[in-house]
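From first to last, the protein sequence lines are chains A and B. Counting in this note's numbering, the first sequence runs from 1 upward without gaps. Counting in this note's numbering, the second sequence runs from 1001 upward without gaps. Even glycine gets a Cβ: it sits at the ideal position worked out from N, Cα and C. To keep things clear, I will list the structure first and then write my remarks on it.
2 protein chains.
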Amino acid sequence: MNRRKFIKGAAFAGGATAVAASTFPAPAISAGKKKWNVVSAFGKAGLLGQALEEFAKFVTTASEGKLTIKAYHAGELVKPFEAMDAVQSGAAQMGYGAPYYWAGKSDSISFVAAMPYGLTAQEQNAWLYYGKGIEQADKYAYNPLGLKFLPMGNSGNQMGGWYAKEINTVKDLNGLKFRMPGLGGEILKTFGVNVILLPGVEVLPALTSGAIDGTEWIGPAADMGKGLHKVVKNYYYPGWHEPATILDGFIDMNEWDNLDSSLKEIVKRGAAGMNLFILSRFQAINNNALQKLTKNHGVKLRAYSDELLKAIGNRAAEVLPQIASKSSDAKALYNEIVTIRESMLDWSTYAEATFLEARKAAKMRKI
Amino acid sequence: MNRRKFIKGAAFAGGATAVAASTFPAPAISAGKKKWNVVSAFGKAGLLGQALEEFAKFVTTASEGKLTIKAYHAGELVKPFEAMDAVQSGAAQMGYGAPYYWAGKSDSISFVAAMPYGLTAQEQNAWLYYGKGIEQADKYAYNPLGLKFLPMGNSGNQMGGWYAKEINTVKDLNGLKFRMPGLGGEILKTFGVNVILLPGVEVLPALTSGAIDGTEWIGPAADMGKGLHKVVKNYYYPGWHEPATILDGFIDMNEWDNLDSSLKEIVKRGAAGMNLFILSRFQAINNNALQKLTKNHGVKLRAYSDELLKAIGNRAAEVLPQIASKSSDAKALYNEIVTIRESMLDWSTYAEATFLEARKAAKMRKI
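Structure follows, in structure tokens:
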């Protein structure tokens, strides 16, 4: 198989980009020892960069150096959205990002990341580790790209986004210039939103200049880090478009196949731990950031109106099947996710939502 | 340190039980290879037994046999509630159960398992992997018992329990004979409930004979497996007493200290994966069981009344500090958990609860 044919340029990355393989640090196989480079779409300093460093260290330590992984963060070897190109060209052995970054390569891959009105993080994990979600993502998205998929993080619940003006009704969406990548943006377009795609570094400048009227990003901690609250103040919840977003590790299929069973287990379990740790950390830090935003920075926390949430939800149920019908792989993946969503819907409502409401009664204090 | 002094008999296990160490398969150290036995409080056939087998296999494979772990399930080597005795006596190197099974050994350990009106599973993981919860549980509960703690599973949301008669008000609790272990039972006692502790195998017979008027167990899948629905039909939610329950792995401290860094990483990451996989599986199978219970078995799904949830919640906020005041370790652990609970409370409500409500608008169907 000629894997070069898959290099069509990552989504939002400005078209195809040739990766100069000769400039890469060469991974080596010596005395039965392997070295991998993992190229990331995320910066080194943040929570995701730290977690990737831990993953690389875990694999290296657990394997006693039989597989040494070195992490290269965004921009260190390739631009953020070139990570998958680098792996497909053989210049790196492994990559790290978010599935919808690679939408230009696959009609189905965005469904792996998140589905509007879809699964929560815990439900996504139920899909991945019980419902054969990893195998399905491989079959319908990653294997056709010459890659092996491993989930390696989750944002947890996201926020709805930042708006210069309040939005209350469906009419307020018409003509709005709003940045939202992925499937959520496709739904907003049907309400007359001028959906704009921008790489992360261009979001704050565009918001500041008024080139966009608003943007979604991730959640309170990441959003505050990005400084969005300095420009606009209306901060809406919940994040219907990305109730939780899976982050993806992807490995050159030949490299994966060449690992022995011990190393495969170490890499898989390393990825699973990273998935758990990242979700846990976002969960831990978001509330603190939310309180700082509202108490110290004048941010107005606003709930989307029932009218909006119902109208967008109804539309999502119409539009997503249309998008999924673009290819047999996308259709298959959509159907799998919708099926397991249906099989978990009531339980999350009975068990989690009612508890969160009941819990308010207990005002617990330190002693 | 004389670790024998800690053997006071596990909670609910009917008093101290001497463990006949001489009858155990001897773990061996040969040619730098270690063998551990892990003794479990749970049966082999269920979800937890399968996950423990996977953990043992992962460690053995990832370490290429440098550390071989063999799992012994409930009753195979020792009785369920003797698992910690076996590790403390040196008869096994590792044990597996739920922290409140060992309440007879520690005033603080039940707080590790679950706290009424406390943390959800995702919040518990935030505590464990971000908020230094593992270190705190070690310091205030496990290390004083000569053990190293690793979280190795989570039930996720539990159900409120099974009742022969409907309960609507606080008055209905008075005189009720109800099985509920742990901190939740301590709270119910203050409402005049006759709280009865029974090992798992005695629950169904007691419910059938009328020796108890009701019982909590775990969640729909586990409860249906136990057959509780065949005796009583009123099934209440949410599980205020155990919003999620951590399962514990515990390792003889000397054995832990003798692992090299590679094996420590493998065991820790193996446990983290098991924690994630078990929660994911409970999440996946509970709704299906809930639907079978209500549609095929005549079970009446009932919400606890607001009056009850508020009264019990208020009481929890009074009683838990009293229980935690029994020892400095329990107090320290309670304070840590209450602090991180407070720091996450609003985020879970804004992000998760509002999304679960909004999601109902999108009726997604297969295509």
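A/Pro151: which of A/Tyr96, A/Gly104, A/Glu242 sits nearest, CA to CA? A/Tyr96
Give me the Cα-Cα distance between B/Gly1104 and B/Ala1056, rounded to the nearest whole angstrom. 28 Å
Within the same chain, show all residues whose beta-carbon is closer than 6 Å to that of A/Glu242, passing over the 5 residues directly before and after it, in chain order. Ala114, Gln158
Whole-angstrom C-beta distance between A/Pro220 and A/Leu293, which should lie under 8 Å: 6 Å
If you draw a straight line from the alpha carbon of A/Gln283 to that of A/Lys226, how long is it in whole angstroms? 18 Å
Can you confirm whether the stretch 349-362 of chain A touches the stretch 1347-1359 of chain B when touching is taken to mean that 3 or more C-beta pairs between the two stretches lie within less than 8 Å? The way I'd put it, the stretch 1347-1359 of chain B does touch the stretch 349-362 of chain A; three or more beta-carbon pairs between them come closer than 8 Å.
For B/Gln1122, which of B/Tyr1100, B/Gln1093, B/Gly1153 has the nearest alpha-carbon? B/Gly1153
Pair every Cβ in the stretch 285-292 of chain A with every Cβ in the stretch 208-222 of chain A, then say whether three or more of these pairs are closer than 8 Å. yes
Proximal chain A residues relative to B/Thr1354, where beta-carbon distance stays under 8 Å: Tyr237, Pro238, Ala303
Taking C-beta pairs closer than 9 Å, name the residues in chain A that B/Arg1344 reaches, listed in chain order. Position check: residue 1344 of chain B holds Met in this sequence, whereas Arg was assumed. Within chain A, the residues placing a beta-carbon under 9 Å from that of B/Met1344 are Gln283, Ala284, Asn286, Asn287, Asn288, ordered along the chain.
Return the chain-ordered list of same chain residues with a C-beta closer than 8 Å to the C-beta of B/Ala1041, the five sequence neighbours on each side being excluded. Ala1074, Pro1080, Phe1081, Ala1083, Gly1095, Tyr1096, Gly1097, Ala1098, Tyr1101
When the Cα of B/Ala1362 is compared with those of A/Ala311, A/Ser348, A/Ala361, A/Phe58, which residue comes out closest? A/Ala311
Pick out the complete alpha helix (DSSP H) segments inside the stretch 215-289 of chain A, 4 residues or longer, and give them in chain order. 220-226, 253-257
Name the residues in the stretch 144-178 of chain A whose C-beta lies less than 9 Å from a C-beta of chain B; which are they? Gly156, Asn157, Gln158, Met159
For the pair the stretch 1335-1345 of chain B and the stretch 1192-1207 of chain B, tell me if three or more CB-CB distances fall below 8 Å. no
Contact list for the stretch 304-319 of chain A against chain B, Cβ threshold 9 Å: Tyr304, Asp306, Leu309, Lys310, Ala311, Ile312, Gly313, Asn314, Arg315, Ala316, Ala317
Beta strand (DSSP E) runs wholly inside the stretch 1018-1105 of chain B, at least 3 long, in chain order: 1033-1040, 1067-1072, 1094-1097
Neighbouring residues, chain A, relative to B/Asn1125 (Cβ below 8 Å): What B/Asn1125 touches in chain A: Leu276, Leu279, Ser280, Gln283.
Within 9 Å (strictly less), CB to CB, does A/Glu216 reach chain B? no
Short check: CB of B/Ala1126 to CB of A/Ser280, under 9 Å? yes
Proximal chain B residues relative to A/Lys363, where beta-carbon distance stays under 7 Å: Ala1317
Give the range of the beta strand (DSSP E) segment to which B/Arg1341 is assigned. Not the beta strand (DSSP E): B/Arg1341 falls in the alpha helix (DSSP H), residues 1328-1347.
For the stretch 246-264 of chain A, enumerate the residues whose C-beta is nearer than 8 Å to any C-beta of chain B, in chain order. Ser261, Ser262
Using only alpha-carbon positions, find the residue among A/Gly32, A/Glu76, A/Asp85, A/Gln93 that is nearest to A/Gly43. A/Glu76
Contact criterion: CB-CB distance below 9 Å. Does A/Asn296 meet it with respect to chain B? no
Does the beta carbon of B/Ile1109 come closer than 9 Å to any beta carbon on chain A? no
Between A/Phe111 and A/Leu183, is the Cβ-Cβ spacing less than 9 Å? yes
C-alpha gap between A/Ala21 and A/Leu259, whole angstroms: Residue confidence is low: A/Ala21 scores 43 on pLDDT, short of 50, so the model does not pin down where it sits. No coordinate-derived value is stated.
If we define contact as Cβ-Cβ less than 9 Å, is A/Ala351 a contact residue for chain B? yes
Environment of A/Pro116 [buried if 16+ CB atoms lie within 10 Å]: buried
The stretch 46-65 of chain A: positions lying closer than 7 Å to chain B by Cβ: Phe58, Thr61, Ala62, Glu64
Interface flag, B/Thr1120 vs chain A, CB-CB below 9 Å: yes
Would you mind working out which of B/Glu1064, B/His1297, B/Met1253, B/Met1364 sits nearest A/Lys264, comparing C-alpha positions? B/Glu1064
Considering only their Cβ atoms, is the gap separating B/Ala1316 from B/Ile1196 smaller than 9 Å? Contact: no.
Measure the C-alpha to C-alpha separation of B/Lys1326 and B/Asp1085 and round it to an integer number of angstroms. 23 Å
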